[in-house]
Every structure is written in C-alpha cells, then in structure tokens.
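Read the structure below first, then the notes.
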Ligand code: HPA
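Residue numbers (this note's numbering): 69 to 350.
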C-alpha cells in the first residue's frame, strides 16, 4: 500500500479514482517513471518487469489502447536496484483523446510521490547530422501541437503559469550523457518539435522546422512534459531517431519503418536506461 504525500482532491473525479486504486494496490511508490514510446516497449518484457506488479490501464478506468496487441499498463518493478514504474503505452491526441487523458498519468505520478519521469518516443531526424537509429536527449521543445494541455481550470497545487525555462532537467541530461559515454554510445542532443499528426510532415514543413531550430520531430511527449513540470516532476526525454524527416531522403515515410528502427534500437535504449539507473542521483 502506497502512502500519498499530497491530496487528490483537485483531480478530475476519474483520475482521483485511478489514483486511489494505485495507492490501494501498488507495492511501492516508485522514484522514477519511464514512459515507453513506439517501438521502445521491449523493456516492458525484461525479466524484472515480468516479475513486477502489473496494472492495466483499463483497471484504472483508462480506455484500452488502440494499437492491436498492445495492452497499455503500468509495471511496478525494480530495475538496477531502483524502484520504477514502466508505462507501457501512452494516449495520443491524434487518436482523438482529450488532453486530460493524454497527460493523466503525469497527474498520477505527481500525486503519488514519483520524483522524475523519463519520456521516450520515436521521432524523425530533422538535423541532417543525425543518423537513423541514434538516440537523442531532448534539451528543449517547440510546441506546434496547436494547444496547451493546461488550458482550462488550473489543477492545484500546481502553478497557473508554470516555468518551462529548464523543462528538461540539466542534471538528468548530464547523467544520461555520462551513462552513454560509459557505454561508448553516441547520444545526440537537441530540440524536439511536437506536431499534432497523424499525417507525417511535408518537406516544406521540415525545412521550416529546421529554420525554427528543431533537431527532431514527433507527435507526442510535449503535453506530458508540460503537465509533468506543472506537477513538479523532474523530466528527461529521449527520442529514438527512427527515420530521417520528410524530404531528407528520396523515399516516402512509413510507420513500419519507424517501428522497425525502434525495434533495432531497443538494445541500445535498454542498455542506456540500465546504465543511467545504476548511477542515478535524484
Ligand atoms: N514525424 C513525426 N513523428 C514521427 C516521425 C516523423 O518523421 N518519425 C517518428 N515519429
């Protein structure tokens, strides 16, 4: 049974019920949440996760995932001696889900007492110096999704106007680079531009994003990061560069290509997360 450091009374009623259910059933309050993005879900099948405590999204009152064969769930387990919750699956705005659902797990982590969240996602490389299959630590984002998840009544106790100056925690980024260096891995870093999707971008949009200062483009993560910061969680985020963005190579983009590149990078991603956890200072 988990003890809560903060009240749940300012959550929408459905999230309040989900939080109560987690507190009742979860074996511990995790230090860290790791959100596993498209193609990066293999970590959820590692032995420690298999032996962990699983809570399906549907048991929390969340809808079933729309991707066939993928059960969205939270997995409470110990990885490299650290208590973590792995979030296998996420909800996207392009599926038609409201922002309160897309970002709901961040509210739950914040109020459970989780201290930090590592987001992962699949992204297209906008920076011509990047290569498919490389990982990129986010230094910052540009929100071109067309909305902000904090629109509407403010959910106390978070601030109405949260600061986003250092949304991607500089110290966690430094620790990720240290883990990559210890492994001899190339770890890029850069700015992620978030678009609503689900169509991929046009080549003209990608050229425009490059002028704006973007290094990678994707359709997720930014709403969750904004809400996580409002909840006071420390945030890190890693993109798997699954394709060169539209117009950069003489070929069309496909979701299959994205999933295959994610699967190919799964080993490197898991090694990076494990090395990061081994020496993590929160
Ligand atoms: N664009 C947007 N989202 C993505 C891409 C892309 O090229 N690759 C993976 N997710």
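The beta carbon of each residue, even a glycine, is placed where N, CA and C say it ideally should be. Note that the structure is a prediction, hence the values are computed from the model and not measured.
Mind checking which residues open and close the beta strand (DSSP E) that includes residue 122? As a first step, residue 122 must be located in the chain shown, where it is residue number 54. From DSSP, the beta strand (DSSP E) with residue 122 extends over 121 to 124.
Counting pairs of Cβ atoms below 8 angstroms between the segment 320 to 338 and the segment 100 to 115, do you hit three or more? A contact is defined here as three or more CB-CB pairs under 8 angstroms, and the segment 320 to 338 meets this definition with respect to the segment 100 to 115.
Helix, strand or coil for residue 316, going by three-state DSSP, please let me know. On the chain shown, position 248 is the one that residue 316 refers to. Residue 316 falls in the coil class under three-state DSSP.
Does the segment 179 to 195 come close enough to the segment 297 to 317 to have 3 or more Cβ pairs within less than 8 angstroms? In this structure the segment 179 to 195 lies against the segment 297 to 317, because at least three pairs of beta carbons, one per stretch, are closer than 8 angstroms.
Consider the C-beta atom of residue 125 and the heavy atoms of the ligand HPA; say whether any pair is separated by less than 7 angstroms. Sequence index remark: in the chain shown, residue 125 carries index 57 (1-based). Incorrect: residue 125 has no Cβ contact closer than 7 angstroms to the ligand HPA.
Residue environment, residue 319, which counts as buried when at least 16 other CB atoms sit within 10 Å: Position 251 of the chain shown, counted from the first residue, corresponds to residue 319. So residue 319 counts as exposed.
Per DSSP, the bridge partner or partners of residue 203: Looking up residue 203 in the chain shown gives position 135. Note: residue 203 sits in a beta bridge opposite 255, 308.
Let me confirm a value: residue 340 is counted as buried when at least 16 other C-beta atoms fall within 10 Å, else exposed. Which label applies? If you number the chain shown from 1, residue 340 lands on position 272. Per the 10 Å Cβ criterion, buried.
Where do the N-terminal and C-terminal ends of the alpha helix (DSSP H) with residue 277 fall, by residue? Working through the chain shown from its first residue, we reach residue 277 at position 209. That run of the alpha helix (DSSP H) goes 271 to 280.
What residue from 215, 197, 250 has the CA that sits closest to residue 258's CA? Position 190 of the chain shown, counting from 1, holds the residue named residue 258. Checking every option, the nearest Cα to that of residue 258 belongs to 197.
Supposed contact pair residue 313 and residue 274 - C-beta distance, whole angstroms, cut 8 angstroms: In the chain shown, residue 274 corresponds to position 206, counting from 1. In the chain shown, residue 313 corresponds to position 245, counting from 1. With a Cβ gap of about 4 angstroms, residue 274 and residue 313 count as contacting.
What is the residue span of the alpha helix (DSSP H) that residue 336 lies within? Here the question's residue 336 lines up with position 268 in the chain shown. Note, residue 336: alpha helix (DSSP H), 334 to 346.
With H, G and I counted as helix, E and B as strand and the rest as coil, what does DSSP make of residue 298? Within the chain shown, residue 298 is the residue found at index 230, counting from 1. In the structure shown, residue 298 sits in a helix (DSSP, three-state: H, G or I).
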